[in-house]
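Written out below as C-alpha cells is the structure these notes cover.
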Amino acid sequence: MTDYTPVHVGSVTKYVMVESFEITPADLAARGYEISKGVMIKETCFGLVINGKEEEVDRIVAELRKIDPDHIFVKDRGFPPGDARRCRANLGGARPGYNGLEFEMSILPYVSHGLEVLDKKDAKDVPPPEDPLEHPLLDIYKLKKLIDAQES
Amino acid sequence: MVKVFIYPATSLILSDMVARFGHTPLSSATAIRERIQTAGLESPPLQITPEEPKKGLKWAAVEVPAGVRGRMSLYGPMIEACEAAIIINDADLAFGCMGCARTNELIKFLVHQKDIPRLELNYPKNEEDGVKFVAAIKRFLTGLGGAK
Amino acid sequence: MTQPVRIAQLSCGPEYSGIQHEIDEAAREVGGEIFFPDVALKDIRRDFAKFGLDVKSPDLKLAIARAMALVEGRVEADAVFIATCFRCAEAAIVRNELRRYINEHSRLPVVSYSFTERTTSGTLLTRMEALTTIAKRRALLARETQKGLTLGLDSGSATTKAVVMRDNKIIGTGWQPTTEVLKSANEVIAHALAEAGVSRDEIQAVGTTGYGRFLVGKEINADLIQEELTVNSKGAVYLANRQHGPATVIDIGGMDNKAISVMDGIPGVFTMGGICAGASGRFLEMTAKRLGVEITELGPLSMKGFGGRVPMNSYCIVFGTQSLVNALAAGSTREDVAAAACHSVAEQVYEQQLQEVDIKEPVIMVGGTSLIEGLVFAMGELLQTKIVVPPYSQYIGAVGSALLASGFIKDD
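Residue numbers (the numbering used here), protein chains in the order written: chain A, 97 to 248; chain B, 61 to 208; chain C, -8 to 403.
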C-alpha cells in the first residue's frame, strides 16, 4: 500500500449550474473570471466548477447568483476540478454521479418556476405538496361515485 | 445556521435550496471531500480504504455487505451531526454515493429515528408542483431559525 | 507497446468497499485496463425498463444499462468484469442475470465476482488474466493439435505435474505432491523427460500453469506462462476430444475449484475458488487418511458404500472431519463414510459454484480428484448426466500447457 498525500487541502469546490434560456455557461464564466482573484474556475457544458478557499468561493458564488438568482444553482463537489480520479477521459465514461445530476437537471425548470413565483408570493400562501409518506385509501364514497359513473 | 442532512445526499437541488435559504447542507460531496483531503493510504478513486467498511460496523453488522458499511462510514457521522433533514422520497435515479438501495433504506431509517425537524417530499413533476416544492422547503428552512 | 485489453466494469459497491484500486491493479498487471461504459440517463431509463429486472439499487440499474450498451455494440469492449458486494441478494441476482445475458448475446468473455473489503488484487489476478487471455489470444487458444516436442508443467497448490508431448501424443509424465515449488517442478520435469527418453535441450517449447507458474516459468525459461482457467479448459476438451461446440469443465482442486463453461475450447463463463475447505480435494485427502486408505483407494471404497446413510455437508474441513469421526464412532461403515464425503464435496460444488455457470453437456471432470470414482459418481448423480473423465485427466494443466506451448515453436 502506498501513502496518500492529499492536494488542495483546506480548499472547497463548488459546481455552479445554469438552467436558463438567457444566460449561458460562457456568460457565467466571463463574469466568474472577472472576479476570480486567484480562485480556480473551470468551465463545463452545464456551468462552472470553482475551487479555492471557502470564503473566496462563497464570495464568487454569491456574486454569480446575483446574475440570475432563480436560474443559477450551486452544489458542493468532493473533488477539485479536473481531478483524474473523477475525469470522464480517464474512467472511459461518466462517473455515476453525473447521471444523477442529469436527472436533477431535468427537474430544475420546475424549481426555477417555483423560485420565480415565490419572488412575488409569500410561501405561507402556497398549499403544501402531497405528503409522500401518506398513501390514502380510496374514499368509499368516491369509489361509489366511480362505480355509478361506470354503470350509468 | 442549522446543519441540514439532505436526501439524496448527492442532490444539487436540495444542496442549493439549503444554502440559498441560509443553512448548511450535509451532503455526499462534503463527506468525500473530507476523505480525499485526509492523508492516509492510497485508495483511489474516493480514498475510501478497506478500513471504512470496518468503521461502518457502528451502523451495520458484519453480515451486511461491505458496500453498505463503506457508505455508512460516510453517512453515519453526518446523520449523527445533523440538526434537521429534508428527504426526497422518490429519488430512484441518484447513483454512485446513493447507488445502493439497502444503504438508502438504512439512512432514511436512522434519520427517522432522530428527534429533529424533518421535511419529506417528492420531486416536482410540473410547474405547479415546483411552486409547492420550493414553498414547502422555504417554509421549513425559515422555520428552523438562525438562517445566515 | 501493445494496446491494453479494454475491460468494461459493471459493478455496485467496489468504490465504497475500498477495493476499486485492487480491481484496477489486477487488470493492469495482466495488460488490461478497466473502464466504465458511458451511458446517458435516457439510456439507463430505457434499458432498465427493457431488461425487465425491477431492482431498487440505482447502481444496479446503471450496471444493467451498461451491459446492454455493450451487448448492443454502442460501447466497445474486449471483456467484461462484473463485481458486486458479497452477501447482497439483490446484486447477486443482477450479477447472475447480466452474466447470462452477456454470454448469450455476445462473444464478450465475462467473469463475475462478489467481493468483500478484504478482496485483494492477488485474489483477482488469475480471473483477470484469463479474461485478458480469452480476449486477446484467441488465435493461441484456437490450437487443436500439439506439434513438435514440448513440455508442460502445472505447479498446483497440492501437486506438481509435468508432461512431455511429441506430435500430438503424451510420451512422458511426472507427478508429485508440491513441497518446495522449484524443487518439485524440477523433479517432475526430470521424471517426465526420463520417461519420454528425451533431454531438456531437445524440448522446443515450454509452458507453465498453476499457482507456481510465474516462479517456475521464470526459472525454466518458459515460452508460455498462463493461468489455469484457459489452460485447463483447453486441456480438457483436447483430451476428451470435444474441441468443438459447448462443454463444461469441472476441476475440484486442492485449494480451489474451477467450473468453466466452454465453447469451442474457449472459456465463456467461469468461477473459481469461493468455497471453504470442506468442498475441496483436501477434504477427500483427510477423509482417506482418517479411513486409513491411500487417496487412490478412496474412489473404489466409496463406490461400495451409500452416502445417504451418513449426514455430512459441512463447508468447513474441521467440522466435516468431525462429522466423519462421529459417523465412524456411531458405527457407520468406512464405505458409507467415504461415499458421504464424496457426496458432500460434489453437493457443495454443485450448489455454490455450478449455479454460476451454464451447465452444457458434455460435463468433463479433470484434475487429480477426477480419479476418485465416488466423487465423479456423486457429481453425475447431481447433474443427472454421464460425466466424462478423459485419459490423463490428472495432468490436465500440464497437457494444456504443452499443447498451447507448441504455438511458440519457432520455424527454422
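Each residue gets a CB set at the ideal place from its N, CA and C atoms; glycine is no exception.
Fair warning: this is a prediction, and the values are worked out from it, not measured in the lab.
- DSSP, reduced to helix, strand and coil, places Met370 (chain C) within a helical segment of the structure shown.
- Excluding sequence positions up to five before and after Phe310 (chain C), its CB lies within less than 8 Å of the CB of Gly269, all in the same chain and listed in chain order.
- Inclusion of Ala389 (chain C) and Val154 (chain C) in the CB contact set at 8 Å is warranted, their separation being smaller than that value.
- Residue contact check for Ala190 (chain A) against chain C: a CB pair falls below 8 Å.
- As DSSP reads the structure, Pro85 (chain B) sits in a beta bridge with B:Val64.
- Judged by DSSP in its simplified three-state form, Asp76 (chain B) adopts helix.
- An exposed status is given to Met97 (chain A), since fewer than 16 other beta-carbon atoms sit within 10 Å of its beta-carbon.
- Gly359 (chain C) and Thr150 (chain C) do touch by the CB rule: their CB atoms are close to 6 Å apart, below 8 Å.
- Shown here, Asp29 (chain C) sits in coil according to DSSP, grouped into three states, outside any helix or strand.
- With fewer than 16 other Cβ atoms from the protein chains shown falling within 10 Å of its own Cβ, Met246 (chain C) counts as exposed.
- For Leu44 (chain C), the CB contacts under 8 Å within the same chain, skipping 5 residues up- and downstream, are Ile55, Ile84, Val85, Glu88 in chain order.
- In terms of Cα proximity to Glu120 (chain C), the closest of C:Glu219, C:Ala332, C:Val46 is C:Glu219.
- The DSSP assignment places 308 to 320 as complete runs of the alpha helix (DSSP H) inside the stretch 289 to 320 of chain C, in order along the chain (cut-off: 4 residues).
- Contact between Asn248 (chain C) and Val340 (chain C) holds: their C-beta atoms lie close to 6 Å from each other, under 8 Å.
- Nearest CB-CB separation between Thr140 (chain A) and chain B: not below the 8 Å threshold.
- Leu187 (chain A) belongs to the set of residues whose beta carbon lies under 8 Å from a beta carbon in chain C.
- 8 Å or more divides the Cβ of Phe199 (chain A) from the Cβ of Leu204 (chain B).
- Distances from the CA of Glu171 (chain C) to each of C:Arg157, C:Leu1, C:Gly147 were compared; the closest alpha carbon is that of C:Gly147.
- In the DSSP assignment, Lys171 (chain A) falls within the beta strand (DSSP E) that extends over 168 to 173.
- Contact check for Ile168 (chain A) and Val114 (chain A): beta-carbon distance about 6 Å, within the 8 Å limit, so the pair qualifies.
- At least one CB atom of chain C sits nearer than 8 Å to the CB of Pro113 (chain B).
- Any Cβ of chain C closer than 8 Å to the Cβ of Phe199 (chain A) would place that residue at the interface, and such an atom is present.
- Nearest CB-CB separation between Asn195 (chain A) and chain C: below the 8 Å threshold.
- In the displayed model, Phe205 (chain C) falls within a helix according to three-state DSSP.
- Lys152 (chain C) sits close to Tyr386 (chain C), with the two beta carbons spaced by under 8 Å.
- With a threshold of 8 Å between beta carbons, Tyr67 (chain B) makes no contact with chain A.
- Neighbours of Phe205 (chain C) across chain A, judged by C-beta separation under 7 Å, do not exist; the nearest C-beta is about 22 Å away.
- At least one C-beta of chain A is nearer than 8 Å to the C-beta of Lys198 (chain B).
- Between Pro225 (chain A) and chain B, the shortest Cβ-Cβ separation is below 8 Å.
- Pairing Ile162 (chain C) with Ala187 (chain C) gives a Cβ-Cβ distance under 8 Å.
- Looking at the DSSP output, Ser105 (chain C) shares a beta bridge with C:Thr75.
- Proximity of the stretch 160 to 169 of chain B to the stretch 179 to 192 of chain A falls short of the contact definition, fewer than three beta-carbon pairs being nearer than 8 Å.
- Proximity of chain C to Ala154 (chain B) at the Cβ level (cut-off 7 Å) is accounted for by Pro49, in chain order.
- Closer than 8 Å to the CB of Glu24 (chain C) there is not a single CB belonging to chain B.
- Contact annotation, Lys110 (chain A) with Ile146 (chain A): C-beta distance approximately 5 Å; criterion of less than 8 Å satisfied.
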